[in-house]
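Numbering (the working numbering), first residue to last: 5 to 254.
Think of the CB as a built atom: it goes at the ideal place given N, C-alpha and C, for glycine as much as any other residue.
Note that the structure is predicted; figures quoted are calculated from it, not measured.
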């Protein structure tokens, strides 16, 4: 008789333990590099854990840390050796970092396939609004390049910057510092002279975006407009006077 069991019992237990270990290590290091399948599978478990932990902490705001570690039911998801260390970081750092978030604590960024025979697809699983956030620094590098080229930010980059700085404490100031750091580290920019010192980098900065209309041109301010196909604006809805229902009492 065919079995309806998708996983063997030992395999299912192993998968659960992997998700718990990934959760603990993500909170401990704030980002991890792992296979894309593992990242996608564990992301929902980590999101549920953080959402429950932050929500239950609001009802125990007046209690001490030891009481919270013992009575916060979300920490039962962690393995016993990790509850003290990981739970303390959740209570002392992440709760203050995410006061208004109920979901969206993590992000997956795709990487190139792993070197070797298997060529497995790899990803970075990271906590948002952290100091090690890859997307934060990647966007800062894009903004630094556009500023050195003397171009305005396109609408999509502006939208990304606003999302990255919206819930971060002093987000705009920290992003500005990251942009200035990216200019020096990636583009050999000298803050004293105000110029790029490397000749090869100067030549590289001459490569401008393909369509400059999105950088302060006629396409600026039209975030939802397709870059490939011409779009027609939707006509305004006309006001229609509906007849009075004969079943309503006068």
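So for residue i, helix, strand or coil by DSSP?
i, result
"residue 35", "strand"
"residue 23", "helix"
"residue 200", "strand"
"residue 173", "coil"
"residue 129", "strand"
"residue 218", "helix"
"residue 159", "helix"
Taking 7 Å as the cut-off, decide whether the C-beta atoms of residue i and residue j are in contact.
i, j, result
"residue 102", "residue 158", "no"
"residue 78", "residue 111", "no"
"residue 54", "residue 140", "no"
"residue 66", "residue 76", "no"
Name the two residues that bound the continuous alpha helix (DSSP H) containing residue i.
i, result
"residue 112", "Per DSSP, residue 112 belongs to no alpha helix (DSSP H); it is in the beta strand (DSSP E), 110-114."
"residue 86", "84-93"
"residue 144", "138-152"
"residue 55", "40-62"
"residue 75", "69-75"
Segment contact flag, the stretch 143-154 with the stretch 183-190, C-beta cutoff 8 Å, min 3 pairs: Contact between the stretch 143-154 and the stretch 183-190 is present: three or more C-beta pairs spanning the two stretches fall below 8 Å.
Touch test, the stretch 36-52 against the stretch 88-97, Cβ-Cβ under 8 Å, three pairs minimum: no
Cβ contact (3+ pairs, closer than 8 Å) linking the stretch 110-128 and the stretch 19-29: no
Stretch pair the stretch 130-137 + the stretch 193-202: three plus CB contacts closer than 8 Å: no
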